[in-house]
Amino acid sequence: MRKGDIILIPFPFTDLSGSKNKPAFVLAVGEFDLTLAFISTQLGWKEKTDVLLTPDFENGLKKPSIIRISKIATIDKTLALGRIGSVKKEDLDLVNKNLIKILKLD
368 MRKGDIILIP FPFTDLSGSK NKPAFVLAVG EFDLTLAFIS TQLGWKEKTD
418 VLLTPDFENG LKKPSIIRIS KIATIDKTLA LGRIGSVKKE DLDLVNKNLI
468 KILKLD
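For the sequence shown, our numbering gives the first residue as 368, with consecutive numbering after it.
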């Protein structure tokens, strides 16, 4: 796995009664952990820093989705269920630009 990959992770229900496998965007890969941004199909909630993805063979998504740059989590690598695709260079560049904005690194 590497930055720019889209992977599947088990995402717990709010009541912790179970989980559903959902895609996530890899922001960074550590020795034991992955830092991820959540991916959502809820396009009506789009923020300025979210990155819109159109489904294609390369990213492996089934529906139009957004990478939620403001929703970041670090998980143990062993929780990753597998890689489903990766984003195009221009999408990765936009993620990097929006990370700088949201983290106020400029």
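Note that the Cβ used here is the ideal one computed from N, Cα and C, for glycine as well.
Beta-bridge pairing by DSSP links residue 435 to 405. Counting the other Cβ atoms within 10 Å of the Cβ of residue 374 gives 16 or more, which makes it buried.
If you draw a straight line from the Cα of residue 445 to the Cα of residue 395, it comes to about 15 Å. Here the region 426-438 lies against the region 405-412, with 3 or more beta-carbon pairs under 8 Å apart. Remark: C-beta atoms of residue 419 and residue 426 do not approach each other more closely than 8 Å. In the three-state reduction of the DSSP assignment, residue 473 falls in the coil class. Closest option to residue 449, judged by alpha-carbon separation, among 456, 369 and 376: 376.
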